[in-house]
Amino acid sequence: MLELKSPFKNNKFYVKMKLMNKHNTKPQQDKTCFFFTYYKWVLWLSLSLYFFTSYLITNDPQNPTTSTIVSNSNSNVVSHNTIGVLKNLKVFIYELPSKYNNDWLSNGRCKTHLFASEVAIHTALLKSDVRTFDPYEADFFFVPVYVSCNFSTVNGFPAIGHARALISSAVELISTEYPFWNRSRGSDHVFVASHDFGACFHTLEDNAIGEGIPEILKNSIVLQTFGVEYKHPCQDVENVVIPPYVSPEKVRRTLEKAPVDGRRDIWAFFRGKMEVHPKNVSGRFYSK
Numbered sequence: 000m001l002e003l004k005s006p007f008k009n010n011k012f013y014v015k016m017k018l019m020n021k022h023n024t025k026p027q028q029d030k031t032c033f034f035f036t037y038y039k040w041v042l043w044l045s046l047s048l049y050f051f052t053s054y055l056i057t058n059d060p061q062n063p064t065t066s067t068i069v070s071n072s073n074s075n076v077v078s079h080n081t082i083g084v085l086k087n088l089k090v091f092i093y094e095l096p097s098k099y100n101n102d103w104l105s106n107g108r109c110k111t112h113l114f115a116s117e118v119a120i121h122t123a124l125l126k127s128d129v130r131t132f133d134p135y136e137a138d139f140f141f142v143p144v145y146v147s148c149n150f151s152t153v154n155g156f157p158a159i160g161h162a163r164a165l166i167s168s169a170v171e172l173i174s175t176e177y178p179f180w181n182r183s184r185g186s187d188h189v190f191v192a193s194h195d196f197g198a199c200f201h202t203l204e205d206n207a208i209g210e211g212i213p214e215i216l217k218n219s220i221v222l223q224t225f226g227v228e229y230k231h232p233c234q235d236v237e238n239v240v241i242p243p244y245v246s247p248e249k250v251r252r253t254l255e256k257a258p259v260d261g262r263r264d265i266w267a268f269f270r271g272k273m274e275v276h277p278k279n280v281s282g283r284f285y286s287k
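Sequence positions in the sequence shown follow numbering that gives the first Met the number 0 and run 0 to 287.
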């Protein structure tokens, strides 16, 4: 096991948002910068709310629950107290072998498709001020595993049948080379599940519910695009709901072709589809 000797420091929390320089000399990059900054802002706001409420709950001796609840009525209180409570937040990013992340980038779709937030979040954290290279001062540990980039050769959709094995392999690696997973049983480790039904890792809801969340992740924090207001087995884990990924480049190209004040002959387009069994993944059946 890798020996890392350094005194463990008390957890302190702080989220530091670093907006992109709005005085860039290239006007044509303004729209791209805007959408990238917006996406980072949404990500860090979600994380800030989660970390803040987790801190309050876990430090309240009269409230032993681990559930995270953020009330809309308390949003102003949260925004005023976030900076103080989250002072000096540190996130350690595991440097995993490339088979867990960078190798998947050989397919250009991996960092541009709807589920690419797993790549975008990793990239943002690598450049963020909250990153620390000293794991002993870290409050949270980010595990960068890309599971949504195995595209089917039949229909082109992401195939995630390999996800459980890939994540299990990553956990085995970090738990043997570092002491931090075993120290907390993974409760301060963060994963991204940016695809259908989140941490259940299945595209069909019935199968996702049947298989549930892998045991190795049940103590961890999952950033996932799947979220419903009712109790669901695929949310039976500490989770933060994040938005699906929209490529800033695609948005910029769309705006250039169809300016906001431009005239249109199509007012709305709805690609709804009927959910039938087997699941209508081809989109051949449309709702009325």
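Every residue, glycine too, gets a C-beta built ideally from N, C-alpha and C.
In this text, all values refer to a predicted model and were calculated from it rather than measured experimentally.
Across the segment 131-148 and the segment 182-196, are there enough close Cβ pairs to call them in contact, namely three or more that are closer than 8 Å?
Yes: the two stretches touch, three or more of their Cβ pairs being nearer than 8 Å.
Counting pairs of Cβ atoms below 8 Å between the segment 222-234 and the segment 170-181, do you hit three or more?
No: fewer than three Cβ pairs fall under 8 Å.
CA-to-CA distance, I92 to L125, given in whole angstroms
Rounded to whole angstroms, L125 to I92 spans 8 Å at the Cα level.
Tell me whether the beta-carbon of H201 lies closer than 8 Å to the beta-carbon of S147.
No; because the gap between Cβ atoms is not below 8 Å, this pair is not in contact.
With burial defined as no fewer than 16 other Cβ atoms inside 10 Å of the residue's Cβ, what is the status of L88: buried or exposed?
L88 is buried by the Cβ-count criterion.
If we call anything under 8 Å between Cβ atoms a contact, is V129 one with V170?
Cβ atoms of V129 and V170: not closer than 8 Å.
To which residues of the same chain is G211 closer than 7 Å at the C-beta, ignoring the five residues directly before and after it?
Around G211, the same chain offers C199, P232 as residues with beta carbons nearer than 7 Å, after the five sequence neighbours per side are excluded.
Going straight from the alpha carbon of A162 to that of A257, what length do you get?
A direct Cα-Cα distance of roughly 38 Å separates A162 from A257.
Backbone CA spacing between D235 and K217 [nearest angstrom]:
Roughly 8 Å between the two C-alpha positions.
List the endpoints of the continuous beta strand (DSSP E) containing H188.
First-last of the beta strand (DSSP E) with H188: 188-192.
For W103, tell me which candidate among I173, L113, Y145, V240 has the shortest Cα-Cα distance.
Of the candidates I173, L113, Y145, V240, the residue whose Cα lies closest to the Cα of W103 is Y145.
Same chain, Cβ closer than 6 Å to R252, five either side skipped, listed in chain order
Result list for R252: empty, nothing under 6 Å.
So the candidates are I166, C109, G209, F141; which of them puts its Cα closest to the Cα of V245?
Residue C109 holds the alpha-carbon nearest to the alpha-carbon of V245 among I166, C109, G209, F141.
I120 versus F141: straight-line alpha-carbon distance, rounded:
So the two alpha carbons sit approximately 10 Å from each other.
With C-beta atoms as the reference, is L113 less than 8 Å away from P143?
Not a contact, by the Cβ cut-off of 8 Å.
Contact check, S116 vs V191, beta carbons under 8 Å
For S116 and V191, yes; Cβs fall inside 8 Å.
When you compare each of F196, G155, P243 to I208 by their alpha carbons, which one comes out closest?
Taking only the C-alpha atoms, the option nearest I208 is F196.
Residues that E237 bridges to, as DSSP identifies them:
For E237, which the question treats as bridged, DSSP gives the partners I220.
8 Å contact criterion, which Y229 and L165 should meet: CB distance rounded:
With a Cβ gap of about 30 Å, Y229 and L165 do not count as contacting.
Under a three-way DSSP split, which group does I92 fall into?
Of the three classes helix, strand and coil, the one that applies to I92 here is strand, per DSSP.
Nearest by alpha-carbon distance to T111: which of V227, V240, E248 is it?
Checked all of V227, V240, E248; the closest Cα to T111 is E248.
So I215 and S168 are in contact, right, with Cβ under 8 Å, and what is the actual spacing, rounded?
Contact doesn't hold; Cβ gap of about 10 Å is too wide.
In chain order, which alpha helix (DSSP H) runs of at least 4 residues are fully inside the segment 193-217?
Whole alpha helix (DSSP H) segments, 4+ residues: 204-210.
What's the gap between the Cα of S183 and the Cα of S219?
The straight-line gap separating the alpha-carbon atoms of S183 and S219 is approximately 9 Å.
Going by DSSP, name the residue or residues bridged to F140.
BP columns for F140 point to F91, H188.
Going by alpha carbons, who is nearest to T122 out of N101, G160, D205?
Its Cα nearest to that of T122, the residue N101 stands out among N101, G160, D205.
Just verifying my parser: in three-state terms, what is the DSSP assignment at F114?
Secondary structure of F114 (DSSP, three-state): coil.
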